[in-house]
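S.K.: Input: one structure, supplied below.
Protein chains: 2
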Amino acid sequence: MNDELGRRCEAALGELLQRRIRVNLYEDLVAGVGRGVDITSYPILSGLARLGPVTAGTLGAEVGLDRSGVSRHATRLEDGGLITRRPDPADARNTLLILTDEGESTVAVLRDRLAGIFEQQLRSWPSHQAEQFVAGLERFVRENHDRSFADIVPGTNNPLATTDQEAD
Amino acid sequence: MNDELGRRCEAALGELLQRRIRVNLYEDLVAGVGRGVDITSYPILSGLARLGPVTAGTLGAEVGLDRSGVSRHATRLEDGGLITRRPDPADARNTLLILTDEGESTVAVLRDRLAGIFEQQLRSWPSHQAEQFVAGLERFVRENHDRSFADIVPGTNNPLATTDQEAD
DNA sequence: CTCCAATGCGTGCAATCCGCACGCATTGGA
DNA sequence: TCCAATGCGTGCGGATTGCACGCATTGGAG
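Taken in sequence, the protein lines are chains A and B. 1 is the number of the first residue of the first sequence in full-length UniProt numbering; add one for each residue after it. 1 is the number of the first residue of the second sequence in full-length UniProt numbering; add one for each residue after it.
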């Protein structure tokens, strides 16, 4: 019975990660906010709110984006007045990204919107199921945060190499 | 205590959906597979395996992608020998996308890889927690499948309109 | 039978986004 | 003083996406 869990998890996770729900949820969420916020920069804002003032490189590592990409999003968000760049007093090479007050409130509003949606949805669940689900989700995320497929199956860049052949 | 669930769910879901884990997991998973499979076409393959022969439009609606995008991915995957286009006998306007045998096996291998990863991870959990998590995940996905933010908060294209003012 | 609105696919096109590489500035040690 | 190391921001090429258009097919109306 337990053997099914991995497969079921893959199927459900697939639906969740593979575009549809993500796009539906986040794209509509940030639509109309303006100030340079889009479906990709929301993670940046969110990460910034979570980490506090950090460099573009650090934030990029957090959200899984190249520094250059973070820098570009940061510029747009800066133009929108949501974040500010400040030189690091400790090391002038670093440029710290900082949420402005408006940025903080924007993140808070967006976050509350999503939280409200999920809250409303989970309210219709048996409370223990909702609690277990969220707890499991948190654990799952935590355990996967720094893990990549390459880490799990080392040296396996081509999982199909032994199963299929070239199809030119 | 229950009020926290929405917020916790948002935080965890955010990590999951916002790029990092998704990229880490799927990008490495499909790396080296070739045949036109990339991080975006995997959902297409997966969806095709789940739905059976469908039109590009239907598949696009399933994964949340425009028909044109599906068509392009389909062309690439067709070049890779993983799918085939077949005119719909019932309606010549439709072009059905069908997995080739190689496509089926490719999907199966990738899916098994992921399922194995999750299985292995969940094995270290208390069995009831893993079971509850997966069950909750399935329910969550099912309930959100056809739901978008706009559906939930109708007429709210700019959730910040009443909270923040114009900047600049 | 003919005509036409509706439907659906595939491509041209412009916009966007991303990673790599480069130039520039700063740091800290030789 | 000099130089390797570090980090940011931009130029550039590649890739992807959505919209719009052209083309083909369908099914019903006249």
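Every residue gets a Cβ at the ideal spot worked out from N, C-alpha and C, and that includes glycine.
For the beta strand (DSSP E) containing alanine 92/A, name the first residue and the last one.
M.R.: Alanine 92/A -> beta strand (DSSP E) spans 91-99.
S.K.: Is the CB of alanine 90/A under 8 Å away from at least one CB in chain B?
M.R.: Cβ-Cβ to chain B under 8 Å: no for alanine 90/A.
S.K.: For arginine 8/A, is the classification buried or exposed, using 16 other Cβ atoms within 10 angstroms of its Cβ as the cut-off for buried?
M.R.: Arginine 8/A is buried by the Cβ-count criterion.
S.K.: Please report the residue range of the beta strand (DSSP E) in which arginine 86/B lies.
M.R.: From DSSP, the beta strand (DSSP E) with arginine 86/B extends over 83-87.
S.K.: Whether or not the segment 58-73 of chain B and the segment 16-28 of chain A are in contact is what I'm after, with contact meaning three or more pairs of Cβ atoms, one per stretch, closer than 8 Å; do they touch?
M.R.: Yes, the segment 16-28 of chain A touches the segment 58-73 of chain B.
S.K.: Residues of chain A with CB under 8 Å from glycine 36/B, in chain order?
M.R.: Within chain A, no residue comes near glycine 36/B; the closest Cβ sits about 10 Å away, beyond 8 Å.
S.K.: Suppose only complete runs of 3+ residues qualify. What are the beta strand (DSSP E) ranges in the UniProt domain "HTH marR-type" (10-142) of chain B, listed by chain order?
M.R.: Listed in chain order, they are 83-87 and 95-99.
S.K.: Return the chain-ordered list of same chain residues with a C-beta closer than 7 Å to the C-beta of aspartate 38/A, the five sequence neighbours on each side being excluded.
M.R.: So the list reads Val30, once near-sequence residues are dropped.
S.K.: Indicate whether at least one CB of chain A lies closer than 8 Å to the CB of alanine 130/B.
M.R.: Yes, its Cβ sits closer than 8 Å to a Cβ of chain A.
S.K.: Quick one: what's got a C-beta closer than 8 Å to leucine 96/B's C-beta in the same chain, skipping five residues either side?
M.R.: Excluding positions up to five away in sequence, the list reads Pro53, Val54, Thr55, Arg85, Arg86, Pro87 and Asp88.
S.K.: Taking the Cβ atom as the reference point for each residue, do leucine 82/A and threonine 58/A lie within a distance shorter than 8 Å?
M.R.: Not a contact, by the Cβ cut-off of 8 Å.
S.K.: At the 8 Å Cβ level, is serine 41/A part of the contact set with chain B, yes or no?
M.R.: Closer than 8 Å: no.
S.K.: On the three-state DSSP scale, how would you describe leucine 5/A?
M.R.: Leucine 5/A falls in the helix class under three-state DSSP.
S.K.: Can you pull the chain B neighbours of arginine 8/A, defined as C-beta to C-beta under 7 Å?
M.R.: The answer, in chain order, is Val134 and Glu138.
S.K.: Taking all protein chains shown into account, decide if arginine 123/A is buried (16 or more other Cβ within 10 angstroms of its Cβ) or exposed.
M.R.: Exposed.
S.K.: Can you tell which of Ser127/B, Asp91/B, Pro126/B and Glu119/B has the C-alpha that lies nearest to the C-alpha of leucine 13/A?
M.R.: Out of Ser127/B, Asp91/B, Pro126/B and Glu119/B, Glu119/B has the C-alpha closest to the C-alpha of leucine 13/A.
S.K.: Got a sec: is the Cβ-Cβ distance from leucine 5/B to anything in chain A below 8 Å?
M.R.: With 8 Å as the cut-off, leucine 5/B counts as an interface residue toward chain A.
S.K.: Report the neighbours of alanine 115/B on chain A: residues whose CB is nearer than 8 Å to its CB, in chain order.
M.R.: Near alanine 115/B (Cβ distances below 8 Å), the residues of chain A are Gly6, Arg7, Cys9 and Glu10.
S.K.: Measure from the alpha carbon of isoleucine 44/B to the alpha carbon of each residue in Asp28/B, Glu78/B and Ala90/B, then state which is nearest.
M.R.: Per the Cα distances, Glu78/B.
S.K.: Could you tell me which of Val109/B, Thr106/B, Ala130/B and Thr40/B sits nearest to serine 71/B, measuring between CA atoms?
M.R.: Closest by alpha carbon: Thr40/B.
S.K.: Counting C-beta neighbours from all protein chains within 10 Å, is the total for histidine 145/A 16 or more, i.e. buried, or is it exposed?
M.R.: It counts as exposed.
S.K.: Taking residue 173/B as the reference, which of Phe140/A, Arg111/A, Ile98/A and Ala49/A has the closest Cα?
M.R.: Look at the range of chain B in this structure, 1 to 168, and you will see that residue 173/B is not part of it.
S.K.: Let me check you understand the geometry: is the CB of cysteine 9/A closer than 7 Å to at least one non-hydrogen atom of the ligand NAD?
M.R.: This structure lacks the ligand NAD, and indeed carries no ligand of any kind.
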